[in-house]
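S.K.:
Residue numbers (my numbering): 8 to 560.
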């Protein structure tokens with residue numbers, strides 16, 4: 008898990024903001040209100056459902072807090088940090104001329120930010136490609152479900168390993184359960200190349216996270232809530248396991264939409280200042296909720312990236328509703344803002360052992376129909392309610408739980424996402440990649456500087472140390488620091504002849520284009536960069552840096 012200090016680079020981690028919609032926003036709000044007039048009241052989950060477990064979970068206070076160092080970036084090769092890191096970093100680190108400067112123009116905001124979920128208008132993006140998702144809520148992963156969900160390291164590994172590649176899970180990051188449980192979830196998601204949406208508080212006031220009333224939205228949020236936000240958000244800002252932050256699960260109860268919008272805008276701006284890498288969502292429930300009636304208006308702030316809809320309409324009065332009536336005002340509002348909307352919760356009851364109740368296999372088919380309708384209707388993702396390790400059987404509409412062997416899990420894993428190329432665990436394709444994507448061997452150390460790609464790189468002065476990078480494309484370019492103490496590397500493609508590349512320069516520069524491959528056949532390739540231990544006569548050292556690779560087709 009990536010845990011880090013202050014960020015001096017801004018603008019990385021999300022696509023550039025699009026121009027405001029030219030239409031009159033007041034017109035949009037009037038349309039939404041007119042649409043809402045004839046809609047029936049929505050069906051709510053019962054308060055005693057698995058989601059609303061009111062038993063306060065007592066954390067194991069005897070267990071030791073994980074070391075922050077234990078969550079450093081992991082590389083598959085052998086990485087031995089130099090015993091003289093301080094001295095050597097002085098050689099390979101930023102020069103006075105570059106320290107504190109803005110990141111090079113070569114990494115413009117519209118370039119793919121490898122591994123972080125971003126957006127381009129209303130489209131989610133991952134590694135420069137359009138992205139959609141289906142998956143589950145798993146609120147119990149951070150403790151709210153007690154013993155019904157396995158939160159051990161083995162349990163978390165088993166859960167994330169069972170998912171489709173690079174999918175999204177939604178869970179809680181509530182203050183009463185602390186940072187330790189979030190640490191474990193983030194670390195497990197990182198190990199399995201998965202992403203998580205974290206809700207930062209509970210607007211429904213369950214899971215021991217209460218006090219979110221009208222006074223909270225009117226200004227009380229500036230107390231304990233923002234203290235928690237300032238604690239949890241920057242801790243994971245460099246982790247690609249975080250998909251986005253939700254301000255709150257189902258914010259509701261503000262005295263007016265204007266009051267709710269102030270809460271949205273102020274909190275989102277603080278989150279963006281703490282973590283420029285990740286998207287921010289409202290976590291909203293629907294347009295009928297007090298404080299979000301004017302759905303477009305409350306989501307119109309510049310730091311709100313996405314909105315959500317929660318619905319449990321299928322079982323309401325046995326209506327078998329596939330698309331909630333509240334989807335239309337939500338998607339219209341977000342489309343007017345050119346921002347993505349996802350269905351953050353959708354629940355359907357099922358049981359295999361109770362006569363007269365639909366089976367879990369039948370429910371999986373209902374979810375498939377909902378996926379088709381929502382994703383083809385403009386939503387960017389759908390998350391079912393809700394995963395737990397222990398199978399529970401209850402035909403009541405409040406029990407929408409999903410367990411590991413549930414038919415839903417297999418269906419969601421194999422579902423064909425419409426209109427996008429499904430992410431895989433294969434070699435990266437066209438895009439821009441930092442050193443976290445490389446495989447290192449030998450002796451390497453870290454160096455940080457805002458002018459480096461994503462703020463840091465790796466370097467070595469040891470002959471024979473090398474890194475490799477597997478990719479799918481037809482051309483690759485290396486960008487790295489050049490300086491007066493840098494040496495010569497040998498670069499090869501697919502085990503072919505090595506080419507010497509000199510990283511010496513009289514004046515230091517970050518992200519210097521140092522090597523461009525010949526045009527390759529379409530397919531998967533491997534580039535290797537090896538420190539030769541040699542240097543030209545003008546250089547004072549043999550340092551080689553690893554910072555950025557661009558893959559093109």
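Heads up, the beta-carbon is just placed ideally off N, CA and C, and yes, glycines get one too. Predicted model, so just to flag it, every value in this text is computed and none were measured.
Below 7 angstroms CB to CB, which residues in the same chain sit around residue 425 once its five sequence neighbours on both sides are set aside?
M.R.: So the qualifying residues of the chain are 382, 383.
S.K.: Measure how close the beta-carbons of residue 249 and residue 193 come, nearest whole angstrom, since I'm counting them as under 8 angstroms.
M.R.: Correct: roughly 7 angstroms between the Cβ atoms.
S.K.: Out of 491, 307, 528, point me to the one whose CA is closest to residue 517's CA.
M.R.: Cα-wise, what sits closest to residue 517 is 491.
S.K.: Between residue 540 and the rest of its own chain, which residues show a CB-CB distance below 6 angstroms, the 5 nearest in sequence each way excluded?
M.R.: Contacts found: 470, 549.
S.K.: Would residue 422 and residue 408 be called neighbours here (beta carbons separated by less than 9 angstroms)?
M.R.: Not in contact: residue 422 and residue 408 (Cβ atoms no closer than 9 angstroms).
S.K.: Determine, using beta carbons only, whether residue 444 and residue 435 come nearer to each other than 9 angstroms.
M.R.: Yes, these two residues count as a Cβ contact at 9 angstroms.
S.K.: Is the number of C-beta pairs between the segment 303-316 and the segment 264-275 that are closer than 8 angstroms three or more?
M.R.: The segment 303-316 vs the segment 264-275: in contact.
S.K.: Does the Cβ of residue 210 have 16 or more other Cβ atoms within 10 Å, making it buried, or fewer, making it exposed?
M.R.: Residue 210 is buried by the Cβ-count criterion.
S.K.: Go through its chain and collect everything with a Cβ distance to residue 312's Cβ below 6 angstroms, but skip five positions before and after it.
M.R.: The residues are 126, 286, 287.
S.K.: Give me, in chain order, the residues of the same chain whose beta-carbon lies closer than 6 angstroms to that of residue 527; leave out the 5 immediate sequence neighbours on both sides.
M.R.: Excluding sequence neighbours, residue 527 sits near 481.
S.K.: Looking at the unbroken alpha helix (DSSP H) that takes in residue 416, where does it start and where does it end?
M.R.: Here the alpha helix (DSSP H) through residue 416 covers 414-421.
S.K.: Closest to residue 201 by CA distance: which of 188, 172, 182 is it?
M.R.: The option with the nearest alpha carbon to residue 201 is 172.
S.K.: Give the secondary structure of residue 444 by DSSP, where H, G and I count as helix, E and B as strand, and everything else as coil.
M.R.: Helix, per DSSP.
S.K.: Touching or not, the segment 227-238 and the segment 155-171, by the rule of three or more beta carbon pairs under 8 angstroms?
M.R.: The answer is no - the segment 155-171 does not touch the segment 227-238, with fewer than three Cβ pairs under 8 angstroms.
S.K.: Thinking just about the alpha-carbon of each residue, which of 343, 344, 324, 317 is nearest to the one in residue 334?
M.R.: Closest by alpha carbon: 317.
S.K.: Quick one: Cα of residue 300 to Cα of residue 218, how far?
M.R.: Approximately 21 angstroms between the Cα atoms of the pair.
S.K.: Which of the three DSSP states is assigned to residue 267 in this structure?
M.R.: Three-state DSSP puts residue 267 in a helix.
S.K.: Between which residues of its own chain and residue 534 is the CB-CB distance below 6 angstroms, once the five residues before and five after are set aside?
M.R.: Taken in chain order, the residues that qualify are 476, 483, 500.
S.K.: What is the DSSP secondary structure of residue 392, counted as helix, strand or coil?
M.R.: The answer is coil: DSSP assigns residue 392 none of H, G, I, E or B.
S.K.: Distance check for residue 275 and residue 186, CA to CA, integer angstroms please.
M.R.: Those two C-alpha atoms are separated by around 20 angstroms.
S.K.: Have a look at 529, 531, 511 and flag the residue whose alpha-carbon is nearest the alpha-carbon of residue 522.
M.R.: Closest option to residue 522, Cα to Cα, is 511.
S.K.: Could you tell me the boundaries of the beta strand (DSSP E) in which residue 366 lies?
M.R.: From DSSP, residue 366 is part of no beta strand (DSSP E); its letter is neither H nor E.
S.K.: On a CA-only basis, which of 184, 244, 269, 235 is nearest residue 225? Give me that one, please.
M.R.: Among 184, 244, 269, 235, the Cα nearest to that of residue 225 belongs to 269.
S.K.: Considering only residues of the same chain and omitting the five flanking positions on each side of residue 354, which have a CB-CB separation below 6 angstroms?
M.R.: Once the five neighbours on either side are set aside, the close Cβ partners of residue 354 are 319, 392, 407.
S.K.: Under the three-state reduction of DSSP, which class applies to residue 232: helix, strand or coil?
M.R.: Of the three classes helix, strand and coil, the one that applies to residue 232 here is helix, per DSSP.
S.K.: I'd like the span of the alpha helix (DSSP H) that includes residue 329, first residue to last.
M.R.: Premise fails: residue 329 is in no alpha helix (DSSP H) and is neither H nor E.
S.K.: Span of the alpha helix (DSSP H) holding residue 303?
M.R.: That run of the alpha helix (DSSP H) goes 302-305.
S.K.: Let me check one thing: in DSSP terms, what residues is residue 130 bridge-paired to?
M.R.: Bridge partners of residue 130: 127.
S.K.: Can you tell me the Cα-Cα spacing of residue 221 and residue 260, whole angstroms?
M.R.: Computed Cα separation, rounded: 6 angstroms.
S.K.: I'd like to check one pair, residue 531 with residue 446: are the Cβ atoms closer than 9 angstroms?
M.R.: No. Outside cutoff.
S.K.: Apply the 10 Å Cβ neighbour rule to residue 529 and answer buried if 16 or more other Cβ atoms are within range, or exposed otherwise.
M.R.: Result: exposed.
S.K.: Per DSSP, which one or two residues make a beta bridge with residue 137?
M.R.: Paired residue(s): 132.
S.K.: For the putative contact between residue 149 and residue 396, defined by C-beta atoms under 8 angstroms, what is the C-beta separation to the nearest angstrom?
M.R.: 14 angstroms between Cβ atoms; not a contact.
S.K.: Looking only at DSSP bridge pairs, what is residue 498 linked to?
M.R.: Note: residue 498 sits in a beta bridge opposite 506, 536.
S.K.: Which first and last residues belong to the alpha helix (DSSP H) in which residue 167 is found?
M.R.: That run of the alpha helix (DSSP H) goes 160-168.
S.K.: Using a Cβ-Cβ cut-off of 7 angstroms (strictly less than) and excluding sequence neighbours within five positions of residue 361, which residues of its own chain qualify?
M.R.: Hits under 7 angstroms: 400, 402.
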